[in-house]
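Scroll down for the structure; my scribbles are underneath it.
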Amino acid sequence: PAVVEMPGGSGRFTYSVTPTGPGTVQLTSRLTLRNAVYPAGEYAGLRELYRLLLARHEEKLIIQKAGG
1 PAVVEMPGGS
11 GRFTYSVTPT
21 GPGTVQLTSR
31 LTLRNAVYPA
41 GEYAGLRELY
51 RLLLARHEEK
61 LIIQKAGG
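In the working numbering, the protein residues as written are 1 to 68.
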């Protein structure tokens, strides 16, 4: 799983793709924001966290048959 955390731990993004059975996968994406309000000094970190979340969501998921 991919894990990205803001400096100071005030925000976190996790992403994982797990095979759950023949022909199926489970994709889990979670954004955790620990503060209701962020000071202006943390905007850059928050923006970067969100940019990485969007980049991960835009990636293609390639599924291949086993043995081939």
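Glycine is no exception: its CB is placed at the ideal position from the N, C-alpha and C atoms.
- Beta-bridge analysis with DSSP links residue 27 to 17.
- Taking C-beta separations shorter than 6 Å and ignoring five residues to either side along the sequence, the partners of residue 27 in its chain run 17, following chain order.
- Closest option to residue 10, judged by alpha-carbon separation, among 64, 45, 30, 22: 45.
- CA-CA distance, residue 8 to residue 61, rounds to 31 Å.
- For residue 44, there is no enclosing beta strand (DSSP E); the enclosing alpha helix (DSSP H) covers residues 43-58.
- Remark: C-beta atoms of residue 53 and residue 4 approach each other more closely than 9 Å.
- For residue 40, the secondary structure class from DSSP, reduced to helix, strand or coil, is helix.
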